[in-house]
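Residue 7 in numbering that gives the first Met the number 0 sits at position 8 of the sequence shown, with consecutive numbering throughout.
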Amino acid sequence: MTTIEHVNEKKRVQVQVDRQLAEQVEHILDAIGLTPTTALTVFYKQIVNHGGIPFALEASERDKATAKLMAATRKQPVTRMNKEQFEAWLEEDEY
């Protein structure tokens, strides 16, 4: 006797993403009539069809500039201030 596998058998995929990013994506998906599940299903199908990620994974010029700035300032000293200290600092005359 042959066992028939269920074609529509589902697998739960859980991911954690930044809350703000998720909300932005959900707003856009809602505007175009898709649910997050449908969007991920489409993405997964495109990965299969392309044999990989269906778009170039490259940093934008803005991302590259931000990374350069972060690297250049990474070793700069940082002074932590509360609100009162910050306001006093703003009032200082250095000239």
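Note that the Cβ used here is the ideal one computed from N, Cα and C, for glycine as well.
Using a Cβ-Cβ cutoff of less than 8 Å, which residues in the same chain neighbour residue i once the five nearest sequence positions on both sides are dropped?
i, result
"M80", "W88"
"I52", "I46"
Hey, quick one: how far does the alpha helix (DSSP H) through residue i stretch, first residue to last?
i, result
"N7", "Element bounds for N7: n/a, residue is neither H nor E."
"D92", "Looking at the DSSP string, D92 is not in any alpha helix (DSSP H), and its letter there is neither H nor E."
"I46", "35-49"
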